[in-house]
Structure formats: C-alpha cells, structure tokens
Amino acid sequence: DFINMAYIGNLLREAGAFYIRRSFMEDELYWAVFQEYVHVLVCCESAPMEFFLEGTRSRTGKSLRPKLGLLGTVCQCCWLNHTEDVLLVPMNISYSRTLEENLYAYEMLGIPKPKESTSGLFKATKILSERYGNIFIHIGEPVSVRSTLSCSISQPTPATATTALTAQQIRVVESLGVQLVRQQQKLAVVSTFSVASHVLLAALQRDDTGLHYDALLSAVTDLLSNLQDPGPGSAGVVMWEGHHSKDGIDGVLRASLSLHSNVISVTTDGALQYTQYDFPTPASASLSGDVSVLHMLLQHYANQSIHAFVRPALLLLAMQVLARELQQQQEAMYSEESVKARFSKLCSIFGHEFIIAKECEEEDYNESVSRLVRCGGVERMDDGTLKLLPFPLYDCSPTLMIYNTCLKPFLLTHTTAINLAGQQEWINEAALVSRVQQSISSSSKLYSALSLDSIRNAVRSITKHGGLTSFRSSSNGNKLVPNSSVLQDLHLSLTGDTSMEPSLNSKL
1 DFINMAYIGN LLREAGAFYI RRSFMEDELY WAVFQEYVHV LVCCESAPME
51 FFLEGTRSRT GKSLRPKLGL LGTVCQCCWL NHTEDVLLVP MNISYSRTLE
101 ENLYAYEMLG IPKPKESTSG LFKATKILSE RYGNIFIHIG EPVSVRSTLS
151 CSISQPTPAT ATTALTAQQI RVVESLGVQL VRQQQKLAVV STFSVASHVL
201 LAALQRDDTG LHYDALLSAV TDLLSNLQDP GPGSAGVVMW EGHHSKDGID
251 GVLRASLSLH SNVISVTTDG ALQYTQYDFP TPASASLSGD VSVLHMLLQH
301 YANQSIHAFV RPALLLLAMQ VLARELQQQQ EAMYSEESVK ARFSKLCSIF
351 GHEFIIAKEC EEEDYNESVS RLVRCGGVER MDDGTLKLLP FPLYDCSPTL
401 MIYNTCLKPF LLTHTTAINL AGQQEWINEA ALVSRVQQSI SSSSKLYSAL
451 SLDSIRNAVR SITKHGGLTS FRSSSNGNKL VPNSSVLQDL HLSLTGDTSM
501 EPSLNSKL
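Each residue of the sequence shown is one higher than the one before, counting from 1 in full-length UniProt numbering.
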C-alpha cells in the first residue's frame, strides 16, 4: 500500500526505505538482485538497517513467527565472508493503546481493512484528538551473527555466487529469529490493561458480566505480583511505571481503564460496564458483532502479555490432558517423563500460534513447573513425580485461573479445525478457515476464538503435523486432503479424548 501512496511512497524511499515483494522465493532473478542489494546495504553503507522480523504488523497483539528471507540474507553476509560480523540489536516498541484497534478487530472477524492512502492518512489526523497513552521503546543487547553461526554450522558456505539458503542454514536462521523474538518479548512492557484483559476475558468466558472493580483490582494485583517474582520461574521484569504497592496498582489500573474507556468503563458504584459494538457492514451479520468485537479487542490486549502466561498454561493443559487420557482424578501423580512428553507435544502443536523454541524446551518446562508450584496448581513430590492439585474451576488464585483459561480460545480453534478438517477434502485453506469460523460462531460463546489469524495458524499446524496434505490443484489454490489417524492423534494430544465429534467420516 505504501508504495502507491501519493507523495508518501517517494518520501519514505528518500528517507532510506526500500520496497520488496511479499513473496519471491521462486523468482530466481528477483531473489539474486534482492540478496545483492541487501549485502551492499549491510556491508558498504554506514547507516544501520532497521527491519521487522515478522515482516508485517501483528493484528492480534501477539508476537508473530519470524520471516526468514531478510534475516537470512543478512546472515549470508557472514556466511559468504562479505563482512567480519553483523550485530543484530533487538528492539521492542510497546503502546499503551493501539491506534488501529477497532480495524484490527474487524479484520480478524473477516471485515477487510481499508487500503492505505494519502487522503486516508490526512483524514485519520482526527484521532490525534483522542488519548492513546505512552509509547515504550526498549533496546536489548546486540547479538553477534558470526558467533551465532559459528556455533551452529561447522562448514561455511562457499563464497561463490549468491544462492538460496540451504536447508541447514534455514534451520539456523529460524532458530536465530526465534531467539531474537524471545528477547523482544523480554523487553516488552506488560501493561496493567493487558493483564486486566486476561481477567476480563476469563469472566466473560463464564458469562460473568457483573465483575466489580474491586475484584478486578485484586486479580490484577495477584497477577502482577506473580509476574514480578524474582525467584526461579519468574516471567522476568514487568515494567508498569514503577508502582509496586496496592495503592499504586489501583491508580495505574484506573488510569488504564480511563485510557480504554472506549472498551470498558467503571460506574460510580464500581461496576464494570462494557461497550457494545456493531459491525460496519451487513456482510458480517452471521456473527454476533456486538460481543465478538468486544472479545476480539480484549483478546488483542491480552495477547500483548500472553507470552508471560503461555508456557505454564501449556504445562497445566498437558497435565489435565494426561489426567483425562488416563481417566484419573486430578490428585493423581504423574512421572516427569510422561508430563514432559505431553508438554513437548503441545508446544509443537501450538508452535504456529506462540513463540516456542525447541532448544529452550527443558528450560521452559522447569520454569513452568516452578510457576505452577508457586500458585498452587501443581505439587512436586520427593520422588520426582508431579501431582496435579484439585482446584475449583473459578474460585482459585487469579494467576492459576488465568493459566487455566488463557489458552481456551486457541484450544477451541485447534480442536474445531481438527474436527472439521477430517470431514472432507477441502478445495483450499481459505475454505476450511471460513468453515471453522462459522462453526465456532454458531456453537460457542467463546468469541475471541473467531480470530481468522488463529484459525489459519491452527490449519497450518495441522498441515505441518501431517493431519492435512496439501496438493497443488486449480486456480483455487492447494487442495487439502485429511489424514484421519494423524487427526485422531492431534485431537487426543489436545483433549485426552479418543473420540472425535463430529465423526471423521461424517459429511457437512
């Protein structure tokens, strides 16, 4: 869009920006010219080059999987010995309030985002009359490409012609990209409203629209306390403007709710009141626009801190799945080996949805156990086994409640996609994605699971694990053919249930 904007396209180019196609791996000439151009910028220019690892804006508020093209080309400067070393400096930019929050929510529900234009840019200046809070920029420690590559690949690439990356190099670049994104997550500002959004979504999941401000404050206080715990298994330093006492959190939370008064407000008697939304077009009438947009907005902000909760949540889910699979009560004890195996499987299944590094799995597992032990969800026995402690579904510590609920939208998305994937062959990915969204909309009130981005991630994860096989077909795209045994295994890994509903052999 930017290159076609009058004046703006040239202005950005004169400021040092350059434009590339979204996909050109199969165009050998374009790929060669692109590589050479980037090599010149990195090796010969005096100014640093800034780029976004994800290659696009995150509509969902979560960190996205890194794209490998530009990062791999930068790494190739060292592989080809065009330069002594390249330093990659991770940066995180966090916003108190997202400028395009409504448009992103609509887009995830299927309403196309308007194209960028110069006239639209000037019309958008009216938003400057609203309050959007602060922008936080944190810069991390530089990462040496030469050191990273020398530890990963023993034989350097011959310094001949510019070529595509080898399979081994792609694996190394992918690992480096995930490492950089995880560093960016540690630099992120976990805002008070982001944490509050988890609590609000958990209440909405149980159809509780009467949450009082005092209950929200208590839950947010507990969550922030757990996130800031400097002991083993902590989530790192949480930066929320220096307040540490309950009175300080009260002030920050009230200020956050005031900043997001377009989503939620506090009445004089302390009741929380949600904003009702409508879709901008009749085409979305099949979805419950008044509540689904609200859920999507809250999920957008909750996703900004979900990296701090996701790994303990995956471990808790792994133990719950194991309990159902073995048809045991929650108080049963499980060996570390069996829990680790299920934790590893869940990390793999959700690998498209969250930033999970295979090489950090052991560290993530130990950190997750420590955090679940601290909040009363798991007990580690003297013989090394783990005991899943019984806890009321909602009447438990707020932190444990969030561990138990924050994955529910993503779990519903994946299980629905698995169930529907096996019902027939699909003409393309888009057809299955659309059907999954329709199914969730008609059968569940978990509206944040309607996100098209999460549904696509689920379908791609199923395909990666062999539950769907992609075949090149007509102009409609690649046909997807289900593998029932793999789908059964994925369903078992997510639910602990051997039966799938609807049946894999049923038809739409």
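Glycine included, each C-beta is placed from N, C-alpha and C at the ideal position.
Going by DSSP in three states, residue i sits in which element: helix, strand or coil?
i           : result
HIS465      : coil
LEU128      : helix
ILE264      : strand
TYR104      : helix
MET333      : strand
HIS491      : helix
residue 538 : With the chain covering 1 to 508 only, the question about residue 538 has no answer from this structure.
TYR274      : strand
ARG57       : coil
PRO398      : helix
GLN155      : Only weak support exists for where GLN155 lies, its pLDDT of 49 falling under 50; the value from the coordinates is given anyway. Looking at GLN155 - three-state DSSP - the assignment turns out to be coil, as it is neither helix nor strand.
VAL321      : helix
LEU87       : strand
SER292      : helix
Closest to residue i by C-alpha separation, out of the options, would be which residue?
i           : options                           : result
ARG374      : TYR403, ALA357 and GLU363         : TYR403
GLN424      : SER484, ASN478, GLY110 and VAL291 : SER484
CYS347      : ASP364, GLU337 and SER338         : ASP364
LEU400      : ILE418, LEU411, ALA203 and GLY376 : GLY376
SER397      : GLN205, ALA215 and ASP208         : ALA215
LEU317      : THR495, ILE249, ARG59 and VAL89   : THR495
ALA430      : PHE471, GLY477, GLU84 and THR415  : GLY477
residue 542 : PHE343, SER444, LEU80 and GLN273  : There is simply no residue 542 to check, as the chain begins at 1 and stops at 508 in what is shown.
LEU492      : ARG342, SER258 and GLU361         : ARG342
LEU200      : TYR334, SER265 and ARG324         : SER265
ALA47       : ALA17, ASP222 and GLU379          : ALA17
LEU109      : ILE3, GLY140, LEU294 and LEU217   : LEU294
PHE350      : ILE462, LYS115, LEU41 and CYS360  : ILE462
THR498      : SER473, ASP453, SER442 and THR415 : THR415
PHE136      : MET5, GLU379, ASN428 and THR98    : THR98
VAL172      : GLU359, GLU379, SER442 and GLN488 : GLU359
So the beta strand (DSSP E) residue i belongs to, where does it begin and stop?
i      : result
GLU379 : 378-380
HIS138 : 135-139
LEU386 : 386-388
THR23  : Checking the sequence, you will find Ser at residue 23 rather than Thr. Unbroken run through SER23: none, as it is neither H nor E.
ASN92  : 91-95
LEU372 : Here LEU372 belongs to no beta strand (DSSP E); instead the alpha helix (DSSP H) covers 361-374.
Please look up how many angstroms separate the CB atoms of residue i and residue j, rounded, as I've assumed it's under 8 Å.
i           : j      : result
ARG22       : TYR30  : That pair is no contact at about 12 Å.
ARG371      : PRO312 : 5 Å
GLY270      : TYR213 : 4 Å
residue 509 : CYS43  : Here the chain covers residues 1 to 508 and nothing more, so residue 509 does not appear.
THR405      : ALA202 : 4 Å
MET296      : SER451 : 7 Å
THR440      : LEU412 : Reading off the sequence shown, one finds Ile at residue 440, where the question assumed Thr. Between LEU412 and ILE440 the Cβ distance is about 7 Å, and since that is below 8 Å, they are a contact.
ASN457      : HIS300 : Incorrect: roughly 15 Å between the Cβ atoms, too far for contact.
VAL189      : SER129 : Not really, about 25 Å apart at Cβ, beyond 8 Å.
VAL486      : HIS465 : 6 Å
ASN303      : THR60  : 5 Å
residue 530 : VAL195 : Only positions 1 to 508 of the chain appear in the structure, and residue 530 is not among them; the question remains open.
ALA449      : LEU432 : Not a contact, Cβ separation roughly 15 Å.
HIS138      : LEU187 : 4 Å
ALA197      : TYR447 : Looking at the sequence shown, residue 197 is not Ala but Ser. About 14 Å separates the two Cβ atoms, so there is no contact after all.
ALA308      : LEU389 : About 22 Å separates the two Cβ atoms, so there is no contact after all.
LEU315      : VAL369 : 7 Å
GLY55       : PRO90  : Not quite, the Cβ-Cβ distance comes to about 16 Å (not below 8 Å), so this is no contact.
VAL181      : VAL86  : With a Cβ gap of about 18 Å, VAL181 and VAL86 do not count as contacting.
Under 8 Å, Cβ to Cβ, is there at least one residue of chain B near residue i?
i      : result
HIS307 : Absence of chain B from the displayed structure is noted, only one protein chain being present.
In the DSSP assignment, find the alpha helix (DSSP H) that holds residue i and state where it starts and stops.
i           : result
LEU12       : 8-14
GLN35       : 28-44
LEU149      : 145-150
VAL74       : 69-79
residue 566 : With the chain covering 1 to 508 only, the question about residue 566 has no answer from this structure.
Relative to the ligand NAD, is the shortest distance from any of its heavy atoms to the C-beta of residue i smaller than 7 Å?
i      : result
SER225 : For the structure depicted, the ligand NAD is absent and the ligand set is empty, with no information on it obtainable.
Problem set entry | Segments of 3+ residues assigned as beta strand (DSSP E) that fall wholly inside the stretch 403-479 | 468-472
Exercise. Can you give, in chain order, each stretch of the alpha helix (DSSP H) that sits fully within the stretch 162-242 and has at least 4 residues?
Worked result: 167-187, 192-205 and 213-228
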